[in-house]
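Residue numbers (the numbering used here): 1 to 331. Just so it is clear, CB atoms sit at the ideal spot from N, CA and C, and this is done for glycine as well. Just below is one structure, and these are the notes that go with it.
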Amino acid sequence: MSAIITPHFVNGAGVAVFPVDKPTSNYIGAGRRFIISPLPREQAENTPDGVVDLNYSLVANQSLKPFFQSERVFNALGGEDSLVHWVSSNIHDCQAHDKRDCSHQLTTHFYNGSAVRLCWKHDAEYMMKGYSKLDDQLSLNRANWVMNWAASELKLPPERDLSMVELTFWAIRRNLKDELPDEAGRIAFCQPKQEIPTGTLKESDITWEHSPRELVDITAEQIVNLSVDEDSGLLYMRRPKAVLGKSPAYLRFVISRPCIGCGGKVNHPFMYRARSLNEHDRWAVPLCDECARSAENDVRAWEKAHGIRLYVAANQLFDFAIERGVITFNN
Numbered sequence: 001m002s003a004i005i006t007p008h009f010v011n012g013a014g015v016a017v018f019p020v021d022k023p024t025s026n027y028i029g030a031g032r033r034f035i036i037s038p039l040p041r042e043q044a045e046n047t048p049d050g051v052v053d054l055n056y057s058l059v060a061n062q063s064l065k066p067f068f069q070s071e072r073v074f075n076a077l078g079g080e081d082s083l084v085h086w087v088s089s090n091i092h093d094c095q096a097h098d099k100r101d102c103s104h105q106l107t108t109h110f111y112n113g114s115a116v117r118l119c120w121k122h123d124a125e126y127m128m129k130g131y132s133k134l135d136d137q138l139s140l141n142r143a144n145w146v147m148n149w150a151a152s153e154l155k156l157p158p159e160r161d162l163s164m165v166e167l168t169f170w171a172i173r174r175n176l177k178d179e180l181p182d183e184a185g186r187i188a189f190c191q192p193k194q195e196i197p198t199g200t201l202k203e204s205d206i207t208w209e210h211s212p213r214e215l216v217d218i219t220a221e222q223i224v225n226l227s228v229d230e231d232s233g234l235l236y237m238r239r240p241k242a243v244l245g246k247s248p249a250y251l252r253f254v255i256s257r258p259c260i261g262c263g264g265k266v267n268h269p270f271m272y273r274a275r276s277l278n279e280h281d282r283w284a285v286p287l288c289d290e291c292a293r294s295a296e297n298d299v300r301a302w303e304k305a306h307g308i309r310l311y312v313a314a315n316q317l318f319d320f321a322i323e324r325g326v327i328t329f330n331n
């Protein structure tokens, strides 16, 4: 458990004061000494002050609430059955506001798109009063459930907190990028907070920049999904007609990389050709126009001059794309 505070410094006195609510006051009064650490940048602007007891710190970020409450995200992660199973498996105490006189038997109740863990006594009590009194806890459980899914699929240890960059990357991999708020994309791509200029502006002072949403879309376009048919009909043919592996998305990724010869800008992918290889897009390598012309004229001379084998470079780039999540496997 920890508390978020916003201190105000008294110049010259060496004193800092901060307003607190009742839970924070009780929390401070229960201890004598505390460790102070700065709030992560993804929480600095959108997390209110107060006591927090969260599995993942991003759950307290108010800008992510629409993402956690998204119906599309809910269905993509398994819906009601998945959420109820997670709450039942991970929460072992009654989540009622008043935890006095709790019974030992626990049950999980699904309500309004989320689930809450209650003892039998309090479950009967809230059944009469209405589960809407537990809306905050219901929202918290659903957000922790989403974050747990993300951490699990990113192969992160249970005690590891997620950053906004990791959550954004997971949403892109899950094809849920459209559900992310613009604020998440802005923080993930280290963009400054947009300031709307006022007053009279010259046309020459107007500069165009990608919005956070556009940056997320550009990144998502570079991710390629592969599907595998382990029982393809061509396997049973004696002389099947070769099918070329073409992927415009992978070629866009190749173009986005710097030239492997000089580090310059790449305008078109260079296709490595050899007698024993078909022209699959996976043999594309990033070369600038000048290096591409030199390699086209005499590939051996270009490789000797730069100390690079294009065959090896194409394999290394394809391996790099898999390791960095540019290419993901559906199965």
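Helix, strand or coil for residue i per DSSP?
i           : result
residue 266 : coil
residue 272 : coil
residue 291 : helix
residue 138 : helix
residue 301 : helix
residue 114 : strand
residue 13  : coil
residue 204 : helix
residue 327 : strand
residue 70  : coil
residue 232 : coil
residue 61  : coil
residue 83  : helix
residue 279 : coil
residue 339 : No answer is possible for residue 339: the residues shown for the chain start at 1 and end at 331.
residue 310 : helix
residue 258 : coil
residue 378 : No statement about residue 378 is possible, as the shown extent of the chain runs from 1 to 331 and does not include it.
residue 37  : coil
residue 244 : coil
residue 317 : helix
residue 198 : coil
Could you pull out every residue in the same chain whose Cβ sits closer than 8 angstroms to the Cβ of residue i, ignoring the five residues on either side in sequence?
i           : result
residue 156 : 162, 166
residue 257 : 266, 286, 317
residue 255 : 266, 267, 268, 269, 286
residue 259 : 265, 266, 286, 287, 288, 291
residue 38  : none
residue 335 : It is not possible to answer for residue 335, since the shown part of the chain is limited to 1 through 331.
residue 66  : 179, 181
Quick check: residue i and residue j, are their CB atoms within less than 7 angstroms of each other?
i           : j           : result
residue 253 : residue 326 : yes
residue 120 : residue 105 : yes
residue 116 : residue 68  : no
residue 245 : residue 268 : no
residue 118 : residue 96  : yes
residue 261 : residue 291 : yes
residue 36  : residue 18  : no
residue 181 : residue 63  : yes
residue 164 : residue 184 : yes
residue 59  : residue 141 : no
residue 109 : residue 98  : no
residue 149 : residue 77  : yes
residue 7   : residue 16  : yes
residue 73  : residue 176 : yes
What does a CB cutoff of less than 6 angstroms around residue i pick up in its chain, not counting 5 residues either side in sequence?
i           : result
residue 169 : none
residue 131 : 111
residue 134 : 116
residue 103 : 119, 120, 121
residue 304 : none
residue 302 : 294, 295
residue 9   : 16
Might you give, ordered along the chain, the residues of its own chain that have their beta carbon closer than 7 angstroms to the beta carbon of residue i, omitting 5 neighbours on each side?
i           : result
residue 320 : none
residue 272 : 283, 285, 310, 311, 314
residue 70  : 179
residue 251 : 269, 281, 284
residue 306 : 261
Residue i bridges to which residues according to DSSP?
i           : result
residue 106 : 119
residue 250 : Beta-bridge pairing links residue 250 to no other residue.
residue 96  : Note: residue 96 sits in no beta bridge, so no partner.
residue 284 : 271
residue 322 : Note: residue 322 sits in no beta bridge, so no partner.
residue 8   : 17
Counting only beta-carbon atoms, is residue i nearer than 7 angstroms to chain B?
i          : result
residue 49 : Judged by its chain identifiers, the structure shown contains no chain B, having just a single protein chain.
Q.
If we require 4 or more residues per run, which alpha helix (DSSP H) segments fall completely within the stretch 131–181?
A. 135–153, 164–173
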